[in-house]
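Following: one structure in structure tokens, then a few remarks.
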Amino acid sequence: MKKIVTTLLTAVLLVSAFFIGSSEASAMTSKGRIHFETDANTYTKRATSIVVRGTLEHRTSSIFTDATVYLRTQYGHIVRRININAGKSYKFKVSFSTKNLSPGKYDVEVWQRSGVQVIHGELNHYITVQH
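Letter 19 of the sequence shown, counting from 1, is numbered 19 in this note's numbering, and no numbers are missing.
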């Protein structure tokens, strides 16, 4: 009886550690005036894209609001870039393909231009691509 309980407890602990230690399902949030998040912290071989969702800062002084979302290496090199025009909704969703991305750490930055103002947001921590 004691052996069965010990085996079950060990199995529960191992399964819990596996799911708790997995960061693939949790989102990475941003800092700065533009708030956004990625769909995961870590992208494995199974991942096909890095999805970024967010909201631009509302500016009533300008009817023209556009932004650029950058995917950069941890060393600052721009790997991918997507221009967006959020219009009046201020919400955006972009997707970067992980195809041909080298393994490593990456940062996502969003720069918004509204009239003459430039506003910025970036991830709190790097995301990891594990190809």
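Think of the CB as a built atom: it goes at the ideal place given N, C-alpha and C, for glycine as much as any other residue. Source: prediction; values computed, not measured.
Endpoints, the beta strand (DSSP E) within which residue i is located
{"i": "residue 29", "result": "From DSSP, residue 29 is part of no beta strand (DSSP E); its letter is neither H nor E."}
{"i": "residue 132", "result": "Shown here, the chain extends from 1 to 131; a query on residue 132 therefore has no answer."}
{"i": "residue 54", "result": "49 to 55"}
{"i": "residue 100", "result": "Careful: residue 100 lies outside any beta strand (DSSP E) and carries neither H nor E."}
Identified DSSP bridge partners for residue i
{"i": "residue 44", "result": "Looking at the DSSP assignment, residue 44 forms no beta bridge with any residue, so it has no partner."}
{"i": "residue 66", "result": "113"}
{"i": "residue 94", "result": "52"}
C-alpha gap between residue i and residue j, whole angstroms
{"i": "residue 108", "j": "residue 115", "result": "23 Å"}
{"i": "residue 53", "j": "residue 67", "result": "13 Å"}
{"i": "residue 24", "j": "residue 119", "result": "Only weak support exists for where residue 24 lies, its pLDDT of 45 falling under 50; the value from the coordinates is given anyway. Going from the Cα of residue 24 to the Cα of residue 119 covers about 29 Å."}
{"i": "residue 130", "j": "residue 102", "result": "8 Å"}
{"i": "residue 100", "j": "residue 117", "result": "34 Å"}
{"i": "residue 106", "j": "residue 43", "result": "11 Å"}
{"i": "residue 82", "j": "residue 30", "result": "17 Å"}
{"i": "residue 47", "j": "residue 58", "result": "32 Å"}
{"i": "residue 28", "j": "residue 112", "result": "20 Å"}
{"i": "residue 55", "j": "residue 128", "result": "23 Å"}
{"i": "residue 84", "j": "residue 32", "result": "19 Å"}
{"i": "residue 73", "j": "residue 41", "result": "15 Å"}
{"i": "residue 80", "j": "residue 110", "result": "12 Å"}
{"i": "residue 75", "j": "residue 104", "result": "10 Å"}
Backbone secondary structure at residue i - three-state DSSP
{"i": "residue 120", "result": "strand"}
{"i": "residue 89", "result": "coil"}
{"i": "residue 126", "result": "coil"}
{"i": "residue 71", "result": "strand"}
At least three beta-carbon pairs within less than 8 Å, the segment 113 to 127 to the segment 26 to 41: yes
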